[in-house]
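Protein chains: 2
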Amino acid sequence: MRNKLRLLTPGPTPLPEEVRLALAKDMIHHRKSDFVRVMERIQPGLQYLFGTTQQVLPLSSSGTGAMHAAVTNLFAPGEKVLVIEGGKFGERWREIAHSQGLVVTSLVQENGQAVTAEDVGVALKADPELRGVLVQASETSTGVLHPVHELGAVTRNTDVLLVVDGISAVGISPCPMDAWGIDCLLTGSQKGLMLPPGLALLSLSARAWDKVRETGSSNFYFNLLAERDKSLNHQTLFTSPVNLLQGLAVSLDLFREETLEAVYRKQWALTSMTRAGAASLGLELLAKTHFTWGLTSIKLPSGIDGGLVLRAAAECCGVVMAGGQGELKKSLVRLGHMGHVDWGDVLAGLHALRVGLIAAGGYSAARTYLEDAVGAYEDALREGCPEMRV
Amino acid sequence: MRNKLRLLTPGPTPLPEEVRLALAKDMIHHRKSDFVRVMERIQPGLQYLFGTTQQVLPLSSSGTGAMHAAVTNLFAPGEKVLVIEGGKFGERWREIAHSQGLVVTSLVQENGQAVTAEDVGVALKADPELRGVLVQASETSTGVLHPVHELGAVTRNTDVLLVVDGISAVGISPCPMDAWGIDCLLTGSQKGLMLPPGLALLSLSARAWDKVRETGSSNFYFNLLAERDKSLNHQTLFTSPVNLLQGLAVSLDLFREETLEAVYRKQWALTSMTRAGAASLGLELLAKTHFTWGLTSIKLPSGIDGGLVLRAAAECCGVVMAGGQGELKKSLVRLGHMGHVDWGDVLAGLHALRVGLIAAGGYSAARTYLEDAVGAYEDALREGCPEMRV
């Protein structure tokens with residue numbers, strides 16, 4: 166008997182059965198009334214998820230495609246932007262901005278550190294020509310949560326657009342677009358939304374739409390103005406990933422039944438659980454204060470090869486976790502607990518982490534790491550999550 | 166009791182059950198060995214389908230995304246290309262080329278007419294600075310098959326690249342990339358491949374790769390050189406549409422079991438069947454000689470509103486067909502018979518066409534249109550398809 170496969174990575178995430186059945190539906194035509202009904206059904210759910218009254222646009226691409234779409238539609242070559250580089254996905258903002266011919270100022274953060282609103286304010290004051298701040302809500306490569314709420318307070322009364330990659334935040338931790346003054350919020354289907362990859366979602370504020378019109382981008386495939394016109398008629402500009410949108414309709418229904426508040430509360434509790442379990446195993450956490458919900462980055466003791474840890478966890482326990490990225494590749498385990506994952510899965514994940522650690526030559530005297538973890542989960546569920554306590 | 170839904174459009178096409186079950190599989194991680202195995206499994210099948218020894222790259226986009234990728238990677242702003250404009254998708258080549266800053270010469274074809282290799286030869290001679298010919302193998306908007314085989318004979322000994330949109334040709338009618346001297350062949354998942362939309366496939370000849378290196382495109386999301394490096398290691402550059410690739414593996418297995426020759430033979434026979442049925446109904450066909458396989462464009466008698474025909478066919482018979490595009494919107498019915506469609510579906514389609522025609526105020530004295538159609542199918546199956554008889 167093989168172990169059950171448990172996918173505990175920071176995306177793609179496991180799929181609920183309802184979603185899988187929707188993905189398996191036979192095809193409908195993307196220019197007919199059946200599809201229009203799907204588009205009509207998803208828009209209010211997307212606006213609820215994004216916390217916006219603006220149109221949320223589905224794009225046939227990965228999340229990176231939506232990042233590319235945002236940069237090429239919002240900024241003209243030669244314009245200046247501030248990029249928050251806290252890891253691989255911050256670097257990706259910089260690379261996309263460079264490919265578009267933008268002039269980039271980077272605020273590079275140490276691994277595990279979030280940017281501060283103060284530093285961003287200073288940088289914007291130092292160069293009044295900066296036209297945008299490009300940031301991750303959650304930097305997936307390190308598990309750091311940047312203070313988007315506070316950044317919005319800095320940018321909202323200036324002419325600087327706040328462009329937020331919410332790929333591992335939307336549907337996982339609070340990121341209400343309108344309330345926080347976000348000008349562009351985007352995400353991918355394979356994280357909090359509990360879908361396969363292949364669908365990106367993007368929304369712009371009213372002033373961001375003005376900037377798109379002013380910029381007049383020539384990006385043919387990612388043409389947000391034309392896409393918006395289609396979306397207002399419940400259509401897409403080009404052929405859309407029909408079965409992912411059918412799955413999305415089901416996933417959004419699940420969000421509305423559960424309520425976003427309950428989802429955030431659960432994600433916070435799972436995060437608290439994982440952090441408590443890792444600490445009880447004697448392991449250090451990379452992000453001390455501003456940590457991503459739905460993903461925990463755990464440092465390995467020096468001398469322990471993360472590749473061996475992951476392989477043993479997968480082979481002995483059926484638990485698939487992720488390593489670090491770039492220079493952190495072998496020194497980090499990223500345990501994902503976003504989307505359709507529950508406390509029982511995290512128990513399996515923590516035990517698999519211990520099995521992997523010992524297989525890789527590590528040592529752990531921990532005896533109550535599972536009880537400590539589940540206790541932290543119950544406490545966190547009772548107390549509610551930080552944004553709800555504010 | 167409602168009618169069964171029969172999707173007889175030129176894409177998306179109905180899905181085989183095996184594919185639907187693969188689409189419903191729970192998620193696997195796109196950077197782990199399970200996914201590498203999917204990528205290893207699909208590459209030989211894709212090369213068989215494309216008729217090439219070159220790498221075939223999966224892209225997370227619609228087919229239009231692959232067209233955009235081809236143009237932006239192959240040609241630098243200011244370069245000259247010849248576009249064959251035989252309908253909406255020829256126009257799309259022009260629009261994409263313009264968006265990239267290319268200088269476009271168009272060979273506009275009348276609706277229903279294919280370009281001739283002679284005209285292309287003359288145009289290339291007239292302007293030795295032309296660097297590419299952009300053409301549809303099948304112009305889906307009119308159901309015309311351009312003579313790609315003959316165009317390849319014109320371009321192969323020149324420095325002009327032959328760039329072929331095979332979106333409604335690959336897996337439907339012969340289009341062997343290497344044998345015909347095609348420099349870029351691309352397709353989407355939702356036509357011959359019997360998958361939902363959301364995945365594009367693209368392959369380049371050796372000399373096209375040289376041109377991509379020379380051009381040095383700055384397209385971040387569609388970076389074909391970087392995508393190729395990943396593909397050679399059974400990876401994708403960014404997160405890929407995992408469940409569509411799992412479905413593709415199943416679809417490609419079906420092609421190999423059936424053989425491409427048998428698929429082409431069937432598609433030719435269904436095309437012959439539909440044409441015979443429409444003629445027997447007294448209707449005129451738009452494309453007289455160079456017609457697409459897998460799609461039949463049928464002209465409506467003057468005064469008949471195509472919108473009413475389609476609505477009645479859908480409401481009374483459950484058969485979903487497509488109208489024309491652009492100026493042909495109301496005067497054409499496009500009956501799709503590509504992918505997972507058989508002779509029984511086409512019988513239903515032809516009867517629905519007659520029901521629609523009469524509901525829209527038309528008249529048909531036809532009595533044996535179904536027998537005529539199925540007879541033509543059997544004859545065509547026996548005789549084999551044209552490219553096999555060559």
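Here the protein sequences come in this chain order: P and L.
Letter by letter, the first sequence follows residues 166 to 555 in my numbering.
Letter by letter, the second sequence follows residues 166 to 555 in my numbering.
C-beta: ideal position from N, C-alpha, C; glycine also.
Note that the structure is a prediction, hence the values are computed from the model and not measured.
Query raised in the report: Any Cβ of chain L within less than 8 Å of the Cβ of Glu304(P)?
Result: no
**Message:** Three Cβ pairs or more, each shorter than 8 Å: is that satisfied between the segment 168-183 of chain L and the segment 411-424 of chain L?
**Reply:** yes
* Drop a sphere of 10 angstroms on the beta-carbon of Asp375(P), count the other beta-carbons inside from all chains shown, and report buried for 16 or more, exposed for fewer. => exposed
Should Tyr429(L) go down as buried or exposed, given a rule of 16 or more other Cβ atoms within 10 Å for buried? buried
Same chain, Cβ closer than 7 Å to Asn168(L), neighbours up to 5 away in sequence not counted
Cys482, Gly483
Give the residues from the segment 477-497 of chain L that approach chain P closer than 7 Å (Cβ to any Cβ), ordered along the chain. Val485
Chain L contact for Glu260(P) (CB, 8 Å cutoff):
yes
| query | What does Gly407(P) reach in chain L if we use C-beta pairs closer than 7 Å? | reply | In the sequence as presented, Gly is not what sits at residue 407(P); that position holds Val. Correct list: Pro177, Pro361, Pro362.
Check your understanding: Is the CB of Gln355(L) under 8 Å away from at least one CB in chain P?
Key -> yes
For His233(P), go through chain L and note every residue whose CB falls closer than 8 Å to its CB, in chain order. Phe385, Tyr386
task = Determine the direct distance from the alpha carbon of Asp544(L) to that of Arg202(P), and round the result to whole angstroms.
result = 42 Å
- State the Cα-Cα distance for the pair Val300(L) and Val329(L), rounded to the nearest angstrom. 5 Å
| request: Determine the burial state of Arg296(P): buried for a count of at least 16 other Cβ atoms within 10 Å of its Cβ, exposed for fewer. | output: buried
Show which residues of chain P have a CB atom less than 8 Å away from the CB atom of Ala191(L). What sits at residue 191(L) in the sequence shown is Asp, not Ala. Near Asp191(L) (Cβ distances below 8 Å), the residues of chain P are Leu170, Leu172, Pro179, Leu180, Arg185.
### Query
Taking one C-beta from the segment 228-244 of chain P and one from the segment 377-386 of chain P each time, how about it: are there three or more such pairs within less than 8 Å?
yes
**Report entry** Local conformation of Lys169(P) per DSSP, three classes
**Finding:** coil
For this session: May I have the straight-line CA-CA distance separating Leu515(P) from Gln208(L), to the nearest angstrom?
Result: 37 Å
Kindly indicate which three-state DSSP category Asp330(L) falls into: helix, strand or coil?
strand
**Q.** Proximal chain P residues relative to Thr404(L), where beta-carbon distance stays under 8 Å
**A.** Gly176, Pro177, Ser227, Gly228, Thr229, Gly353, Gln355, Pro362
(message) If we define contact as Cβ-Cβ less than 8 Å, is Ser333(L) a contact residue for chain P?
(response) no
Suppose you measure from the CA of Ala434(P) to the CA of Gly488(P); what does that come to, to the nearest Å? 23 Å
Does chain L have any CB closer than 8 Å to the CB of Lys464(P)? no
Val273(P): first and last residue of the uninterrupted beta strand (DSSP E) it sits in: 268-273
Worksheet item: Which residues bound the beta strand (DSSP E) around Pro223(P)?
Response: 221-224
- prompt: In chain L, which residues lie less than 8 Å from His195(P) when you measure between Cβ atoms?
  reply: Pro177, Pro362
Taking only runs that begin and end inside the segment 330-406 of chain P, name each unbroken alpha helix (DSSP H) of 4 or more residues, in chain order. 342-345, 371-380, 389-397
Can you tell me the Cα-Cα spacing of Ala441(P) and Ile193(L), whole angstroms?
-> 27 Å
- Task: Using the Cα positions of Pro223(P) and Ser368(P), report the straight-line distance between them to the nearest angstrom.
- Result: 9 Å
* To do: Put Phe254(P) into one of helix, strand or coil per three-state DSSP.
  => helix
Report, in whole angstroms, the separation of the C-beta atoms of Gly491(L) and Thr178(L), which I expect to be a contact under 8 Å.
-> With 8 Å as the limit, Gly491(L) and Thr178(L) do not qualify as a contact, their Cβ atoms being about 22 Å apart.
- Under 8 Å from the C-beta of Leu188(L): neighbouring residues of chain C: Note that chain C does not occur in the displayed structure, where the protein chains are P and L.
Between which two residues does the alpha helix (DSSP H) harbouring Gln301(P) extend? Run containing Gln301(P): none in the alpha helix (DSSP H); it sits in the beta strand (DSSP E), 295-301.
- Task: Starting from Lys464(P), trace the beta strand (DSSP E) both ways and give me its first and last residue.
- Result: 460-464
query = For chain P, is any of its Cβ atoms less than 8 Å away from the one on Ser396(L)?
reply = no
**Asked** Name the DSSP bridge partner or partners of Ile249(L)?
**Response** Leu272(L)
query = Mind checking whether the beta-carbon of Gly514(P) lies closer than 7 Å to any heavy atom of the ligand FAD?
reply = Summarising the ligand content, the structure contains no ligands, and the ligand FAD is consequently not present.
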